[in-house]
Amino acid sequence: KLLFENWRRYLNEWTAPQYSMTTDTTLVPRVDTEPAPEEEDIGAFRGHQVFQGSTEDPWDGVRHTYSVISNDGNTLAALQVVAHEEGVRVKYAKKEPNINFHMSEFYEWLLPHVGAIYSDPSQTPEGEKIWQHLKKAGHNIQPYDMPGGLMGGWKLVK
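Okay, so the sequence shown: first residue is -9 according to our numbering, each after it adds one.
Below, the structure is given as structure tokens:
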């Protein structure tokens, strides 16, 4: 019973699995700057268009992808999320190297569109850096517990 009530105290004893994205992982290039028929233009982030598309996922239901598109049609960043409690839970985040913004800034921009952003319990070291940057910048980051499990994560709210 104590483990269920005080599990956060035991996190220092647990070794997180190490995930890694290869440095040669690139985002899919776009053919133009117009949204595809299954996408919606939801605004501009730092002078770039943001498209939102949805696909059906057998495990998570509907998976939404938010793509930051440059003026010449290249995908600069992509964020895949699924519905979760009062907002969305991050499933995948990727930004091209040497782009003039941090992924945490895109999370901040996206927040009013989705309500709340929850981290996935298993994160890459790069994903952990996004949440550390948000905390360091003074954003409202709250710890949360996944329903039905011991693993927790972070919640970004306005």
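By construction, the Cβ of each residue, glycine as well, lies at the ideal position given by its N, Cα and C atoms.
Keep in mind that this is a model prediction, so the values were computed, not measured.
- Cα atoms of E86 and L66: separation of roughly 5 Å, rounded to the nearest angstrom.
- Between H38 and S60, the C-beta gap is smaller than 8 Å, which places the two residues in contact.
- Under the three-state reduction of DSSP, S94 is assigned to helix.
- Exclusion of the five residues before and after P133 leaves R(-2), G142, G143, W144, K145 as the residues of its chain whose Cβ lies within less than 8 Å of its Cβ.
- For G128, the closest C-alpha among the options H54, E95, D50, G77 is that of E95.
- In the assembly as shown, V52 is an exposed residue. Its beta-carbon has fewer than 16 other beta-carbons within 10 Å.
- In the three-state reduction of the DSSP assignment, K119 falls in the helix class.
- V78 places its beta carbon less than 8 Å from that of I107.
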